[in-house]
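Asker: Below are the structure tokens for one structure; questions will follow.
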């Protein structure tokens, strides 16, 4: 889905348009109303914000034009920059829907699956990712949830973990084992599972930051019709791998601009705020040195993300670029938040809540710092990403397999 | 193992099309943005030529020297000179490709002093018979240049011009010894930066060699003590902001260090990956150990980030972007720090052989360390970046 080139003048005009839109449409009081919001309030707010973005053509700019996107990468960057700079709420609830679900359907789904779900996602259908399990974290391919062929469909039994937003989800991207007899990566299938099916029980897990958006999903005899299989049976691992690079590029583009245009700017504001003694952290050359270092790294991240999306569209992206971006973003976010906690001092510890619908850097720095492990651990830990880079990117030999 | 770029299992063993440092299939390492076919070709030619040149080095040499005549034959000396002055009429983006390859090869050459800084300085000056003649001579290689500009953290010009004489001193000047002519970055009686052309051996002009641990670089000290100046050898910067033009010259010097640094870092990652894939301990290749593998992955990530920052800086300098200084300071501070980390990791992961003279990793380490110090230490560049956040 190569997008057309765009002139500097057009880009400036587009930026002005987004700015006008943000000034008119970004709710000025959302941080207050979303602080301590109930689940229902959060969901209602997210759905309403999503539709507002959709009306403007800003909800799914990264999708192909025929499905309602088609925005050139340069314009997407501008859009994300301006949304962040105007402190717009983030699409938290629909994140998996517009990224992971959409890129899976576009890359590997059938026409029927796309027709059924892509418009529904635009209408607010919420998705959750059901990959990890209690015994399958970093070693995801060892997952034990089974999908047994029965008649015209599959019957699923097992347990999923770390399913973010499962409590609100309509559909689930599910990996389950269809052939236990073959090596672990070859016996997995990829399903679209209706969360209203009988036999599904969702229980929230409270995380280190005190939030409960992660869930366990218990699956007992859940029936999935065969038409909800994505790709060939037993090829689910390959489907999951092949959609990873696309989805990483799209998600990271937005997150990197968020970090640069919202998170880092607030960090600078924190550093410019006089402390109890009247001095500003920014008057300390050591603080300035760290700010300059983070500014540089964030500039590098942003260029890296943009490059990944452009190379992905051109078909020239390398095999581990997505891993490089995920690893670098996660650890840079963590370093940035750590520094923010340090300069913000004791008052940061009295920020007891971060507003729902905010980014990974909300300005409640202690909670943001704790929340940064939600990047370095899920989706392949930083250690797993380094192994992928070493083996697939550099061709280093694999670790010998220890026989069990 | 040898890190010597002679194609014998060392740093230059990658082919011209890419290598492990590359971010991906089609994009070559250090493929600085949308440079297109011209750059790929220039890169491939440069890499091949430097490899063949290195193969001629004697067995005791740990690095290769590129002769002046070879440099002149390539046309690299006049890349940025206008075509009507016998140059190629291209931009810093192409110079960056050559610098990157020279860094990969850790090649000893006066390219930096003459082609990057000399031609670069002349390009920033008002046209005139004297400047044009020298630009033509530098472009074809009949005259070798050096530019005496501040090489440390302080970027104030070191030479003062009064009505008839110039005085001052600059240290660690790239390729000063051996230059036919030296361009002094000076301040005129009105406080405006100008360029004064002198020749070593002129009355009051002394140029001496300044040996440093990095043997691949030739640095010198330029001392000028009341040297009489011919008004025809005082040249003004073009445009209405000479101070900005002088900063652009410094930026170009700093960015050259980053281009070189990325090249040598890539070479060290490649040689380390190759070694880790073949060297066996405890019955298996050391590259299969996670500690080694993850260290290599970190080198790869640093190179990927550095390549992006460098690409942005090269594009903005090539386009004479007025804000190029920001991108340059980011690239210089990040890449030159990363390069030292990466060469340091290369030495560590090579184990004992990496610490030997013959192994040659030390050549890269010394060059990376010098790159990091020359034309502004990382902290100096970060201070420039940080100033934007401190304003009241």
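Chains as they are written, first to last, in the numbering used here: chain V, 1 to 404; chain S, 1001 to 1392.
By construction, the Cβ of each residue, glycine as well, lies at the ideal position given by its N, Cα and C atoms.
1. Taking C-beta pairs closer than 7 Å, name the residues in chain S that residue 254 (chain V) reaches, listed in chain order.
2. Where DSSP assigns a beta bridge to residue 1281 (chain S), which residues make up the other side?
3. Do residue 1115 (chain S) and residue 1077 (chain S) have their CB atoms nearer than 7 Å?
4. Which chain S residues are close to residue 300 (chain V), counting only those with a beta carbon under 8 Å from its beta carbon?
5. Please state whether DSSP places residue 1351 (chain S) in a helix, a strand or coil.
6. Roughly how many whole angstroms lie between the Cα atoms of residue 18 (chain V) and residue 268 (chain V)?
7. Between residue 1233 (chain S) and chain V, is any beta-carbon pair separated by less than 7 Å?
8. Is residue 1208 (chain S) helix, strand or coil by DSSP?
9. With DSSP collapsed to three states, give me the class of residue 1371 (chain S).
10. To the nearest angstrom, how far is it from the Cα of residue 97 (chain V) to the Cα of residue 362 (chain V)?
11. DSSP on residue 39 (chain V), reduced to helix/strand/coil?
12. So which of V:349, V:306, V:314 and V:341 has the shortest CA-CA distance to residue 454 (chain V)?
13. Can you find at least 3 beta carbon pairs, one from the stretch 1301-1317 of chain S and one from the stretch 1228-1241 of chain S, that sit closer than 8 Å?
14. Kindly confirm or deny that the stretch 1369-1382 of chain S and the stretch 1247-1260 of chain S touch, where touching means at least three C-beta pairs closer than 8 Å.
15. Any Cβ of chain V within less than 7 Å of the Cβ of residue 1385 (chain S)?
16. Which value, in whole angstroms, describes the spacing of the CA atoms of residue 121 (chain V) and residue 51 (chain V)?
17. Taking the straight line between their C-alpha atoms, what separation do you get for residue 416 (chain V) and residue 234 (chain V)?
18. Hey, would you say residue 344 (chain V) sits closer than 7 Å to residue 365 (chain V), going by beta carbons?
19. List the residues of chain S whose Cβ lies closer than 8 Å to the Cβ of residue 271 (chain V), in chain order.
20. Beta carbon of residue 1168 (chain S), beta carbon of residue 1158 (chain S): below 7 Å?
21. DSSP on residue 1389 (chain S), reduced to helix/strand/coil?
22. Tell me the rounded alpha-carbon separation between residue 1037 (chain S) and residue 402 (chain V).
23. Measuring only between beta-carbons, confirm whether residue 397 (chain V) sits less than 7 Å from chain S.
24. With distances taken from CA atoms, which of S:1389, S:1350, S:1317 and S:1335 is nearest residue 1378 (chain S)?
25. Is residue 1180 (chain S) helix, strand or coil by DSSP?
26. Ordered along the chain, which non-local residues of its own chain (more than five positions away) have a Cβ less than 6 Å from that of residue 1006 (chain S)?
27. Quick one: what does DSSP say residue 328 (chain V) is sitting in, helix, strand or coil?
28. Does the CB of residue 468 (chain V) have a neighbour CB from chain S at under 7 Å?
29. Can you tell me the Cα-Cα spacing of residue 61 (chain V) and residue 29 (chain V), whole angstroms?
30. Apart from the five residues just before and just after residue 179 (chain V), which ones in its own chain have a Cβ nearer than 6 Å to its Cβ?
31. Three-state secondary structure (DSSP) at residue 11 (chain V)?
32. Give the interface partners of residue 1296 (chain S) over in chain V, defined as CB-CB distance under 7 Å, in chain order.
33. Is residue 1298 (chain S) helix, strand or coil by DSSP?
34. Reducing DSSP to helix, strand and coil, say where residue 1076 (chain S) ends up.
35. Report the option in V:309, V:138 and V:104 whose CA atom is closest to the CA atom of residue 385 (chain V).
36. Measuring straight from C-alpha to C-alpha, what distance separates residue 209 (chain V) and residue 371 (chain V)?
Answerer: Let's see:
1. Per Cβ cutoff of 7 Å: no residues; residue 254 (chain V) is ~18 Å from chain S at best.
2. S:1284
3. yes
4. 1305, 1306, 1308, 1309, 1330 and 1334
5. helix
6. 24 Å
7. no
8. strand
9. helix
10. 22 Å
11. helix
12. Outside the displayed range of chain V (1 to 404) lies residue 454 (chain V), so it cannot be described from this structure.
13. no
14. yes
15. yes
16. 11 Å
17. Examination of residue 416 (chain V) is not possible in this model, given that chain V is present from 1 through 404 alone.
18. yes
19. 1389
20. yes
21. helix
22. 47 Å
23. yes
24. S:1335
25. coil
26. In this prediction, residue 1006 (chain S) has a pLDDT of 38, which is less than 50 and means its spatial position is unreliable; nothing more can be read from the coordinates.
27. helix
28. No statement about residue 468 (chain V) is possible, as the shown extent of chain V runs from 1 to 404 and does not include it.
29. 26 Å
30. 187 and 234
31. helix
32. 390, 394 and 396
33. helix
34. helix
35. V:138
36. 6 Å
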